[in-house]
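Below: one structure, written as structure tokens.
In this note's numbering, the protein residues as written are 174 to 265.
Now the structure itself:
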């Protein structure tokens, strides 16, 4: 995986799945970052990944959030194969 540590970056994934399902998914695919559970879907709605809390799944959206907690960049469409390199480029 590309070196996000050199950019002093923390990567978090969020899904609507239960924590145990996220752990299995993380282990199966060898994800080196934490996957958080948003079973209530409130975070997904707040960040535009779902229209309401009845959504079955979340849209793939990515954000760069600064150390001050403000959103710096929004990636409304994410292509998994290209996204990490694009984010590193945008981080400078």
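We treat Cβ as the ideally placed atom computed from N, Cα and C, and that holds for glycine.
- CA-CA distance, residue 256 to residue 183, rounds to 15 angstroms.
- The distance from the Cβ of residue 204 to that of residue 186 is about 7 angstroms, consistent with a contact at the 8 angstroms cut-off.
- In the same chain as residue 214, and ignoring 5 residues on each side of it, the C-beta atoms closer than 7 angstroms to its own belong to 189, 223, 226, 228, in chain order.
- Burial of residue 211 is indicated by the presence of at least 16 other C-beta atoms within 10 angstroms of its C-beta.
- Taking residue 237 as the centre and dropping the five residues before and after it, the same chain places the C-beta of 245, 246 closer than 6 angstroms to its C-beta, in chain order.
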